[in-house]
Amino acid sequence: MVRLFLPLIARHAAGELARQHPGLGREEIRAKMLADVPRDADPAVLAMVDAVVARLPSSAASGESPAEQGGGLSAALLVLANLVPLYGVIAWGWEVFPLLVLFWAENVVVGVLNVARMLAVDPADALLWGAKLFLVPFFCLHYGMFTAGHGVFVLSGMFGGQGYRVEGLNPLGAALAAFRDFDLWLPFAVLAASHLFSFLWNYLWRGEFRRAQLKPLMHKPYVRVVLLHLTIIFGGFGAMALGSPAWALVLLVVMKTAVDARAHLKEHRDA
839 MVRLFLPLIA RHAAGELARQ HPGLGREEIR AKMLADVPRD ADPAVLAMVD
889 AVVARLPSSA ASGESPAEQG GGLSAALLVL ANLVPLYGVI AWGWEVFPLL
939 VLFWAENVVV GVLNVARMLA VDPADALLWG AKLFLVPFFC LHYGMFTAGH
989 GVFVLSGMFG GQGYRVEGLN PLGAALAAFR DFDLWLPFAV LAASHLFSFL
1039 WNYLWRGEFR RAQLKPLMHK PYVRVVLLHL TIIFGGFGAM ALGSPAWALV
1089 LLVVMKTAVD ARAHLKEHRD A
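With the sequence shown counted from 1, adding 838 to any position gets you the working numbering.
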């Protein structure tokens, strides 16, 4: 029973210690904990110390700001990745339709990686796997319907463009046709790579998965995606009403990038 609850207790203890000692690294906090442990302490106590230390931030003593510790590098790469759709507007003469299809596909990547984040939350915690069996499918269904509805809205030609026939609430076939017609694979790959890097760098390598909470993690994409949807939809209608001039589309990309980068930094600062 103790082993079953150990990861759960350790994760909460690590979060509390990180808040109490924001300037200390793992080894310094470990030394503080061991200073209060007798030399002949029960092995279970030492196992608890090790479990807590494993869930502490790896860069607490680096002197960086919280945003730099978390998403600074990945946010910079996200901004650079958004230069590709900006180039598409300026050099390839994109109008609003392919731009919004690309941004919709990016939201699909955000959802897929959030599923990976939920599955990777503290894998040593056996109790969490029971919750994951319910929450992960629920997220897939809810976020999937949300994103599918947005995809139907974009791909059916509401923002101009030739529009594509969408079967029911499944926009996948129409999205693939749009990707082929507008050569969106390279821009999509660049945006997807920036999100994948953030997952590997911040969540796995820097250890966010050890401290993440499953239920809040399930809700996080919605704040970011809804804000992006509002920016993209209103910006898209504005650009379309103006006849999709290049300056309006450039402004849309810049607004989207600024909102995305700010949300990205906040997400990893909170983590």
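Heads up, the beta-carbon is just placed ideally off N, CA and C, and yes, glycines get one too. Computed from a predicted model, the values in this text were never measured in an experiment.
Which stretch, first to last residue, makes up the alpha helix (DSSP H) that contains Trp967?
-> For this step, residue 967 is matched to residue 129 along the sequence shown. Note, Trp967: alpha helix (DSSP H), 964-991.
Taking DSSP as the reference, what is the three-state secondary structure of Glu1046?
-> Indexing the sequence shown from 1 puts residue 1046 at position 208. Of the three classes helix, strand and coil, the one that applies to Glu1046 here is helix, per DSSP.
Cβ neighbours of Arg864 in the same chain (closer than 6 Å, five flanking residues each side left out) = The residue given as residue 864 occupies position 26 in the sequence shown. Within the same chain, Arg864 has close Cβ partners Val891, Leu894.
Between the Cα of Val943 and those of Thr1095, Phe1035, Leu1010, spot the shortest distance and give me the residue it belongs to.
-> On the sequence shown, position 105 is the one that residue 943 refers to. First, the residue type needs correcting, since residue 943 is Ala and not Val in the sequence shown. With distances taken between Cα atoms, Ala943 lies closest to Leu1010.
Is there at least one Cβ from chain D nearer than 8 Å to Met983's Cβ?
-> This model lacks chain D altogether; it includes just one protein chain.
According to the Cβ coordinates, are Leu1055 and Met983 closer than 8 Å?
-> Here residue 1055 corresponds to residue number 217 of the sequence shown, with the count starting at 1. Here residue 983 corresponds to residue number 145 of the sequence shown, with the count starting at 1. In terms of Cβ geometry, Leu1055 and Met983 do not form a close pair [threshold 8 Å].
Would a C-beta distance cut-off of 8 Å place Ala1099 and Leu971 closer than the cut-off?
-> Translated into the one-based positions of the sequence shown, residue 1099 becomes position 261. Translated into the one-based positions of the sequence shown, residue 971 becomes position 133. Contact: no.
Please go through the same chain and pick out, in chain order, the residues whose beta-carbon is closer than 8 Å to the beta-carbon of Val887, but skip the five residues on each side of it.
-> The residue given as residue 887 occupies position 49 in the sequence shown. Taken in chain order, the residues that qualify are Arg868, Met871, Leu872, Val875.
Proximity to Leu1047 [Cα-Cα], best of Phe977, Phe1017, Val953, Leu862 | Walking along the sequence shown from the start, residue 1047 turns up at place 209. Sequence inspection shows Phe at residue 1047; the Leu mentioned does not correspond to that position. Checked all of Phe977, Phe1017, Val953, Leu862; the closest Cα to Phe1047 is Val953.
Hey, Ala1031 and Leu1007: beta-carbon distance below 8 Å or not?
-> Translated into the one-based positions of the sequence shown, residue 1031 becomes position 193. Translated into the one-based positions of the sequence shown, residue 1007 becomes position 169. Result no, Cβ atoms of Ala1031 and Leu1007 do not sit closer than 8 Å.
So, helix, strand or coil for Glu933, using DSSP?
-> Stepping through the sequence shown from its first residue, residue 933 is reached at position 95. In the structure shown, Glu933 sits in coil (DSSP, three-state: anything other than H, G, I, E or B).
Can we count Leu1089 as close to the ligand SAH, meaning its CB is less than 7 Å from some heavy atom?
-> Ligands in the displayed structure: none, and consequently the ligand SAH is not present.
Mind checking whether Gly948 and Val1091 have CB atoms under 8 Å apart?
-> By 1-based counting over the sequence shown, the position of residue 948 is 110. By 1-based counting over the sequence shown, the position of residue 1091 is 253. Here the sequence assigns Val to residue 948, which means Gly is not the residue at that position. It is not a contact, given that the beta carbons lie outside the stated cut-off.
Where Asp963 falls, given that 16 or more other Cβ within 10 Å makes a residue buried = Counting from 1 along the sequence shown, the entry for residue 963 is found at position 125. It is buried - the Cβ of Asp963 has at least 16 other Cβ atoms within 10 Å.
Please classify Asn920: does DSSP put it in a helix, a strand, or coil?
-> One-based indexing of the sequence shown puts residue 920 at position 82. Coil, per DSSP.
What's the call for Glu1105, buried or exposed, on a 16-neighbour Cβ count within 10 Å?
-> Residue numbering aside, residue 1105 sits at position 267 when the sequence shown is read from its first letter. The residue is buried, with at least 16 neighbouring Cβ atoms inside 10 Å.
Within 10 angstroms of the Cβ of Leu1119, are there 16 or more other Cβ atoms? Answer buried if so, exposed if not.
-> In the structure as shown, the chain begins at 839 and stops at 1109. Residue 1119 is therefore absent and cannot be evaluated.
Is Ala852 closer than 8 Å to Arg1049 when the C-beta atoms are compared?
-> In the sequence shown, residue 1049 corresponds to position 211, counting from 1. In the sequence shown, residue 852 corresponds to position 14, counting from 1. Yes, these two residues count as a Cβ contact at 8 Å.
Asp888 lies in the alpha helix (DSSP H); which residues open and close that run?
-> The count along the sequence shown starts at 1 and reaches residue 888 at position 50. Run containing Asp888: 881-892, per the alpha helix (DSSP H) assignment.
Measuring CB to CB, does Asp960 end up less than 8 Å from Leu951?
-> As a position in the sequence shown, residue 960 is number 122, starting the count at 1. As a position in the sequence shown, residue 951 is number 113, starting the count at 1. Not a contact, by the Cβ cut-off of 8 Å.
Taking all protein chains shown into account, decide if Tyr1002 is buried (16 or more other Cβ within 10 angstroms of its Cβ) or exposed.
-> Taking the sequence shown and counting its residues from 1, one reaches residue 1002 at position 164. The residue is buried, with at least 16 neighbouring Cβ atoms inside 10 Å.
My guess is that Val1063 and Ala1013 are in contact by the Cβ rule of under 8 Å, so how many angstroms apart are they, rounded?
-> Reading the sequence shown from its first residue, position 225 is the one you call residue 1063. Reading the sequence shown from its first residue, position 175 is the one you call residue 1013. That pair is no contact at about 16 Å.
Rounded separation between Ala879 and Gly910 - CA only = Position 41 of the sequence shown, counted from the start, is the residue given in the question as residue 879. Position 72 of the sequence shown, counted from the start, is the residue given in the question as residue 910. Between Ala879 and Gly910, the C-alpha separation is close to 41 Å.
Determine the burial state of Gly1045: buried for a count of at least 16 other Cβ atoms within 10 Å of its Cβ, exposed for fewer.
-> Counted from its first residue, the sequence shown places residue 1045 at position 207. With 16 or more other Cβ atoms within 10 Å, it is buried.
Is it true that the CB of Val1004 sits closer than 8 Å to the CB of Leu993?
-> Position 155 of the sequence shown, counting from 1, holds the residue named residue 993. Position 166 of the sequence shown, counting from 1, holds the residue named residue 1004. Contact: yes.
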